[in-house]
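Input: a single structure, listed below in structure tokens.
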Amino acid sequence: MESSNLYEGIGHVVHISTNVTTGCEHCRHRIGGNEFAQSVNHYINEHGYRLLHVGSESSDDDEGRLWNFTVAVLGQ
Numbered sequence: 003m004e005s006s007n008l009y010e011g012i013g014h015v016v017h018i019s020t021n022v023t024t025g026c027e028h029c030r031h032r033i034g035g036n037e038f039a040q041s042v043n044h045y046i047n048e049h050g051y052r053l054l055h056v057g058s059e060s061s062d063d064d065e066g067r068l069w070n071f072t073v074a075v076l077g078q
């Protein structure tokens, strides 16, 4: 019987956020920010990652107001 544990075999994870723009850990492709969907697809299609979680996070902005953003966690 095949395992149904989504996290089995995951040895490395990446965190993508609409709040942060960075480079891909493997090829320096632009990741996050306004290119959220493209960033998730990049890790899946180019580097074989699996999508583990999509959700939201929040923090305070510079003036103490609530700031919400979308995040994804992918694993390989």
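Just so we're aligned, residue 3 is where the sequence shown starts under this note's numbering, counting upward by one. Idealized CB from N, CA, C, for every residue including glycine. On a predicted model such as this, the values are computed, not experimentally measured, just so you know.
Query: Measure the beta-carbon distance from Leu-54 to Gly-77 and round it to whole angstroms, keeping in mind my assumption that it falls under 8 Å.; Result: 5 Å
Query: Short of 7 Å in beta carbon distance, which residues of its chain neighbour Val-75, apart from the five on each side in sequence? Order them along the chain.; Result: Val-15, His-17, Leu-54, His-55
Query: Where do the ends of the alpha helix (DSSP H) carrying Ser-41 lie?; Result: 38–49
Query: Distance, Cα to Cα, His-49 vs His-31?; Result: 12 Å
Query: As a quick exercise: from Thr-20, His-28, Leu-68, Ser-58, pick the residue whose alpha carbon is nearest that of Tyr-51.; Result: His-28
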